[in-house]
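Take a look at the structure below.
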Ligand code: AMP
Ligand code: GLY
């Protein structure tokens with residue numbers, strides 16, 4: 521079958537790589553893809569947010585299945601568009617419908633949903649931009665630490681963890697008054713600070729049933745020791761050593777099951793990847809966020825640990841026909857992903873730096889993110905450039921292998937965090 525993967529990051533390179541390995545896959549297209557995906561399949565210059573253009577390509581090229589990588593097209597309703605367009609109505613597409621993608625598209629929606637369905641999450645209130653004074657009083661009443669979140673999509677930058685009341689007031693002004701996050705800041709969610717250790721859990725959902733994928737932990741801050749600005753993610757490990765059976769049972773019962781039945785009850789059955797961003801507080805899970813897609817770089821660390829063929833699983837989920845019991849086989853080995861980024865990221869950085877030293881043969885997997893291949897010359901084209909995933913009998917071993925490859929690959933301004941996994945190894 522011919523498969524189209526939408527997106528251009530390390531997540532999409534990994535998904536395309538896993539799909540291309542399937543005996544069911546005749547060809548994989550990636551739109552728009554990057555300098556690595558062109559080695560896995562064929563890049564096509566389509567904008568994933570231009571649904572008409574995507575549907576046209578699918579029809580003309582007789583694509584059998586579409587897998588949506590990033591959140592924007594999902595939150596903007598690509599799945600609904602496909603269902604309503606005669607060219608694509610019968611083409612399975614992997615991802616949630618617009619109403620269900622609101623779990624990521626609106627923090628306010630997600631919080632109300634969790635409250636309604638008794639899913640453990642931080643206590644909160646929400647305020648519109650007309651309620652600045654009320655929001656200010658709420659902050660004064662609750663005190664610091666406190667967390668402010670712009671309601672809408674803000675490319676992972678709309679969350680402000682504040683350790684003083686002053687900091688919180690500054691964040692409130694940025695979000696509600698100065699509209700630093702644009703329309704995403706028409707509302708703000710202000711919530712209790714939870715003190716614990718984070719982990720991520722992923723499910724492949726078919727509307728009614730779900731299969732869990734291996735757990736992961738990502739490292740979002742730019743600086744070692746989890747300091748500095750938030751990034752898309754500087755590395756990840758899988759599995760999460762503290763995600764023991766007891767904690768996983770609680771996560772299944774209190775978070776995943778309640779979310780899935782809640783979505784069904786509310787008439788918005790969920791198909792696609794559902795990402796649970798959790799925080800473990802004294803062995804009790806709380807939801808920090810939902811994402812309507814896989815994480816990046818979590819995909820790069822989780823998907824390679826899956827031994828079974830991913831393509832039929834994605835297809836069954838998209839069609840609503842996932843078998844009851846999970847048939848996902850997972851590698852025993854641990855995996856670690858290290859992200860190489862451009863100097864200056866997540867703030868200003870330069871593109872167009874030549875990339876050298878990618879090992880031709882390596883035990884490690886090299887997934888491209890911000891790279892471009894112009895007539896055989898590979899150069900940087902984004903903040904996050906390349907993700908390196910390695911396996912080991914333990915995390916330490918996997919990390920050492922990834923760092924070794926990280927040293928071999930060269931481009932001007934290259935930076936990576938050398939302490940991925942520091943809090944769990
Ligand atoms: P998010 O974009 O929602 O994942 O939030 C970004 C980061 O902010 C998370 O990864 C957490 O580290 C932190 N965060 C979000 N909400 C809370 C909370 N209620 N308590 C503590 N930290 C939080
Ligand atoms: N790595 C965090 C995310 O994909 O949301």
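Numbering (the working numbering), first residue to last: 521 to 945. Cβ coordinates follow ideal geometry from the N, Cα and C atoms, glycine included. Fair warning: this is a prediction, and the values are worked out from it, not measured in the lab.
Within 10 Å of its beta-carbon, does residue i have 16 or more other beta-carbons around it, so buried, or fewer, so exposed?
{"i": "residue 580", "result": "exposed"}
{"i": "residue 760", "result": "buried"}
{"i": "residue 577", "result": "buried"}
{"i": "residue 683", "result": "exposed"}
{"i": "residue 711", "result": "buried"}
{"i": "residue 480", "result": "In the structure as shown, the chain begins at 521 and stops at 945. Residue 480 is therefore absent and cannot be evaluated."}
{"i": "residue 938", "result": "exposed"}
{"i": "residue 697", "result": "exposed"}
{"i": "residue 843", "result": "exposed"}
{"i": "residue 500", "result": "With the chain running from 521 to 945 in the structure shown, residue 500 is simply not present."}
{"i": "residue 654", "result": "exposed"}
{"i": "residue 914", "result": "exposed"}
{"i": "residue 778", "result": "buried"}
{"i": "residue 922", "result": "buried"}
{"i": "residue 717", "result": "exposed"}
{"i": "residue 543", "result": "exposed"}
{"i": "residue 942", "result": "exposed"}
Taking the C-alpha atoms as reference points, what is the distance between residue i and residue j?
{"i": "residue 768", "j": "residue 720", "result": "11 Å"}
{"i": "residue 917", "j": "residue 694", "result": "43 Å"}
{"i": "residue 825", "j": "residue 854", "result": "8 Å"}
{"i": "residue 567", "j": "residue 526", "result": "8 Å"}
{"i": "residue 797", "j": "residue 772", "result": "13 Å"}
{"i": "residue 851", "j": "residue 636", "result": "37 Å"}
{"i": "residue 869", "j": "residue 787", "result": "44 Å"}
{"i": "residue 634", "j": "residue 800", "result": "17 Å"}
{"i": "residue 763", "j": "residue 582", "result": "43 Å"}
{"i": "residue 947", "j": "residue 671", "result": "Absent from the model: residue 947. The displayed extent of the chain is 521 to 945, so no value can be given."}
{"i": "residue 729", "j": "residue 688", "result": "40 Å"}
{"i": "residue 584", "j": "residue 714", "result": "44 Å"}
{"i": "residue 664", "j": "residue 679", "result": "15 Å"}
{"i": "residue 556", "j": "residue 856", "result": "19 Å"}
{"i": "residue 934", "j": "residue 811", "result": "29 Å"}
{"i": "residue 726", "j": "residue 599", "result": "14 Å"}
{"i": "residue 838", "j": "residue 722", "result": "16 Å"}
{"i": "residue 612", "j": "residue 894", "result": "33 Å"}
Whose CA, out of the options, lies closest to the CA of residue i?
{"i": "residue 724", "options": "821, 680 and 614", "result": "614"}
{"i": "residue 858", "options": "752, 897 and 848", "result": "752"}
{"i": "residue 530", "options": "897, 787 and 754", "result": "754"}
{"i": "residue 649", "options": "641, 699, 814 and 728", "result": "699"}
{"i": "residue 534", "options": "888, 653 and 644", "result": "888"}
{"i": "residue 675", "options": "712, 626 and 804", "result": "626"}
{"i": "residue 629", "options": "598, 593, 708 and 692", "result": "708"}
{"i": "residue 891", "options": "528, 741, 820 and 663", "result": "528"}
{"i": "residue 570", "options": "596, 556, 545 and 550", "result": "596"}
{"i": "residue 944", "options": "757, 778 and 877", "result": "757"}
{"i": "residue 867", "options": "833, 903, 839 and 638", "result": "903"}
{"i": "residue 586", "options": "807, 554 and 532", "result": "532"}
{"i": "residue 522", "options": "539, 541, 538 and 548", "result": "548"}
{"i": "residue 865", "options": "900, 874 and 884", "result": "900"}
{"i": "residue 909", "options": "561, 738 and 656", "result": "738"}
{"i": "residue 735", "options": "926, 565 and 822", "result": "822"}
{"i": "residue 640", "options": "841, 829, 808 and 847", "result": "808"}
{"i": "residue 849", "options": "588, 829 and 840", "result": "829"}
{"i": "residue 575", "options": "552, 609 and 542", "result": "609"}
{"i": "residue 747", "options": "911, 550, 681 and 895", "result": "681"}
{"i": "residue 668", "options": "644, 722 and 618", "result": "644"}
{"i": "residue 559", "options": "834, 733, 896 and 619", "result": "896"}
{"i": "residue 929", "options": "905, 876, 882 and 545", "result": "876"}
{"i": "residue 813", "options": "590, 620 and 924", "result": "590"}
{"i": "residue 765", "options": "794, 804, 926 and 740", "result": "804"}
{"i": "residue 623", "options": "780, 836 and 872", "result": "780"}
{"i": "residue 619", "options": "638, 592 and 605", "result": "592"}
{"i": "residue 815", "options": "886, 775 and 733", "result": "733"}
Pull the bridge partners of residue i from the DSSP assignment, please.
{"i": "residue 798", "result": "719 and 807"}
{"i": "residue 737", "result": "757"}
{"i": "residue 613", "result": "586"}
{"i": "residue 646", "result": "709"}
{"i": "residue 562", "result": "549"}
{"i": "residue 886", "result": "908"}
{"i": "residue 855", "result": "758 and 911"}
{"i": "residue 522", "result": "547"}
{"i": "residue 670", "result": "708"}
{"i": "residue 726", "result": "791"}
{"i": "residue 751", "result": "Bridge partners of residue 751: none, in fact."}
{"i": "residue 680", "result": "668"}
{"i": "residue 641", "result": "807"}
{"i": "residue 695", "result": "DSSP lists no partner for residue 695."}
- Item | Any heavy atom of ligand 2 nearer than 5 Å to the CB - residues listed | If you measure from each CB to the nearest heavy atom of ligand 2, the residues under 5 Å come out as 738, 753, 815 and 816.
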